[in-house]
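Numbering (my numbering), first residue to last: 70 to 335.
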């Protein structure tokens, strides 16, 4: 079903159920690094043991390094996240969109492997999920073969149409929207900040229904509020606090109230 065919009812009321989920980004799983594979297995075991009532887990890109021949690393990542007790949903990062060697998976294979859940409405590079009266948008901010990112006009149009539902909305993507770490080098900012961030903030993030954004890419943690939207960038999973202490963010949302905390696997 096309997004435009969905019934869009303005100001539709919804029960204020609590949405519970974990955001993980920049895990950079690499089959040549057994520690990175074991870290992902630890992640799944930890969540299954300690967070038994999650609605889902969101993975924010650079999930695996896409540097193995064929799709072996993608399939291993899928095998691990399938052991989670709850559904999981992914967006790509620059690693998944920059296959090295060139026979790593491309966008279509990423979609075939990871966007096959019937709960997702997939259109182009992007997807939408509805859960407990909330809309979750997985927006692909990647430029093929590049580290920097932007939203295409198709992605912006997809999100604008979804926002017409007037439901509280969460946006998951890879590239952050602001220079939250205070970088001073143009090259650094170009690489890490969404290249059309001002356009996206004006066309999407200014919408009162966008209550939360979730990003990664820079591996540096940040939680800020901007025009009524909580903008979260979660510390890269690849950056453990200490031995086996891999970072993730746990979130609970009830209505427009958002609670969040950084958690570690041990």
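Quick reminder that beta carbons are idealized off the backbone N, C-alpha and C, glycines included.
{"Check": "Pairwise C-alpha distance: residue 203 and residue 83", "Outcome": "Note that residue 83 scores a pLDDT of 46, beneath 50, so its modelled location is shaky and nothing firm can be said."}
{"Check": "Residue span of the alpha helix (DSSP H) that contains residue 261, given as start and end", "Outcome": "255-261"}
{"Check": "Terminal residues of the alpha helix (DSSP H) in which residue 105 lies", "Outcome": "103-119"}
{"Check": "Local Cβ density within 10 Å of residue 162, reported as buried at 16 or more and exposed below that", "Outcome": "buried"}
{"Check": "Secondary structure of residue 142, DSSP reduced to three states", "Outcome": "helix"}
{"Check": "Member of 303, 313, 325 whose CA lies at the smallest distance from the CA of residue 319", "Outcome": "303"}
{"Check": "Where residue 81 falls, given that 16 or more other Cβ within 10 Å makes a residue buried", "Outcome": "Only weak support exists for where residue 81 lies, its pLDDT of 45 falling under 50; the coordinates are left without a value."}
{"Check": "Straight-line Cα distance separating residue 324 from residue 165", "Outcome": "33 Å"}
{"Check": "Per DSSP, cross-strand counterpart(s) of residue 316", "Outcome": "333"}
{"Check": "Collapsed DSSP secondary structure at residue 234 in the structure displayed", "Outcome": "coil"}
{"Check": "Cβ-Cβ distance between residue 261 and residue 286 below 8 Å", "Outcome": "yes"}
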